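Residue numbers (our numbering): 20 to 161.
Even for Gly, the Cβ is constructed at its ideal location relative to N, Cα and C.
Remember, predicted model here, so these are calculated numbers, not experimental data.
Structure below.
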């Protein structure tokens with residue numbers, strides 16, 4: 020992902036590889052959103068999943084927690100919607116947060132406290148519907 024300029028100690032990102040990495044990360048997050056929607060108990064609404072915060076802000080706490088190796092999400096301060104993900108999905112979320120997310124945020128120079136967001140904002144119901152459509156058609160054989 021780096022290129023070294025001749026006769027220099029400076030390094031620069033290879034733009035094509037950087038954009039390919041970020042595109043792969045975005046595709047992975049779309050798949051993860053579907054996995055969390057399908058396997059996390061009662062299906063969540065799009066805005067519910069789109070508003071999962073993975074880090075604390077000045078005004079509110081994150082709403083995804085790892086408890087005994089299982090991911091649980093919480094929404095708001097008084098209303099709790101607990102979703103227990105399967106162990107495999109919990110591990111994928113944890114590994115993504117630890118290994119991929121921070122690096123990707125350095126690459127795109129964007130800070131976001133939300134798990135499912137991009138430069139345009141939070142992912143809501145539209146993104147989830149777009150991702151679920153092909154999966155549903157394939158599962159139903161349509």
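Counting along the chain, the unbroken beta strand (DSSP E) around residue 30 starts and ends at 30–32. Among the bridge pairs identified by DSSP, residue 137 is matched with 140.
Membership of residue 86 in the beta strand (DSSP E) is indicated by the continuous run 83–86. Within the same chain, Cβ atoms closer than 7 Å to the Cβ of residue 75 are found at 81, the five residues on either side in sequence being excluded.
The segment 117–129 and the segment 52–60 do not touch, with fewer than three beta-carbon pairs separated by less than 8 Å.
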